[in-house]
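Contents: one structure, followed by commentary.
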Ligand SMILES: [Zn+2]
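In our numbering, the protein residues as written are 550 to 764.
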């Protein structure tokens, strides 16, 4: 068992030599770092291996290891993906992902595979599964694009509802004030007429006070 674990450790060490051919890079995402496509990745393509030493739950020291990059293959075997070489550990969770984990317990391997066509610049995501979601994401609120969109929609709906209530209240207030306004309106019209009359009178007076009157 130990030997097969060692072989697994050695294989990815050769990989950086072909790093330029990899269709992904580590980059900044909304939640920290993430893995982003640098080339078009066709649906169904294996993107990257989720790599790390294999832990055997029957070995107490292995069973004691605890970190959030543990990928359980089955009841016995777990991949410890916390190692630096495992770039797949940068892949963030999404509730509507463009990739999935292809778990091969018998080979004790996990590959991340595209389930949609992925464009350069797209962040690569897969669903971490219910256990991880409940333990790590639910308490802090999932930050994936799908959940952010949902939250945004809910906020917009709440805003629209508040605006509706406000508009209704304003219409009510307007109606209630309409009678008062009507009363004030007739008064002000009277004032306006008076003012207009005054103006005319003034004009008349001015004309009257013109030199013509004196002439
Ligand atoms: Zn989510």
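Note that the Cβ used here is the ideal one computed from N, Cα and C, for glycine as well. Since the structure is predicted, the reported quantities are computational estimates derived from the model, not experimental observations.
- For residue 612, the enclosing alpha helix (DSSP H) starts and ends at 609-613.
- With fewer than 16 other beta carbons inside 10 angstroms of its own, residue 685 counts as exposed.
- One Cα belongs to residue 594, the other to residue 669, and the distance between them is close to 14 Å.
- Here residue 694 really is in contact with residue 643; their C-beta atoms are around 7 Å apart, less than 8 Å.
- In this chain, the beta strand (DSSP E) harbouring residue 628 covers 626-629.
- According to DSSP, residue 651 shares a beta bridge with 660.
- In the DSSP assignment, the residues bridged to residue 586 are 573.
- If you draw a straight line from the Cα of residue 610 to the Cα of residue 628, it comes to about 14 Å.
- Taking each of 587, 620 and 596 in turn and checking the Cα distance to residue 603, the smallest one comes out for 620.
- Checking the DSSP bridge columns, you'll see residue 645 has no partner listed.
- For residue 638, there is no enclosing beta strand (DSSP E), as DSSP gives it neither H nor E.
- The Cβ-Cβ distance between residue 640 and residue 586 does not fall below 8 Å.
- The shortest C-alpha to C-alpha distance from residue 655 to any of 633, 626 and 592 is the one to 626.
- Our two residues, residue 605 and residue 657, have alpha carbons roughly 11 Å apart in a direct line.
- When the five nearest sequence neighbours on each side are left out, the beta carbons in the same chain lying within less than 7 Å of the beta carbon of residue 647 are those of 663, 664, 665, 667, 671, 673 and 674, in order along the chain.
- Taking the Cβ of residue 643 as the reference point, at least one heavy atom of ligand 1 falls within a distance shorter than 7 Å.
- A residue is called buried when at least 16 other Cβ atoms come within 10 angstroms of its Cβ; residue 616 does not meet this threshold and is exposed.
- Short of 8 Å from the beta carbon of residue 607, and not among the five residues preceding or following it, lie these beta carbons of its own chain, in chain order: 625.
- Pairing residue 618 with residue 681, the inter-Cα distance amounts to about 10 Å.
- If you draw a straight line from the Cα of residue 601 to the Cα of residue 614, it is about 13 Å long.
- Here the alpha carbons of residue 575 and residue 582 stand approximately 7 Å from one another.
- Between the C-alpha atoms of residue 599 and residue 638 there is a straight-line separation of about 7 Å.
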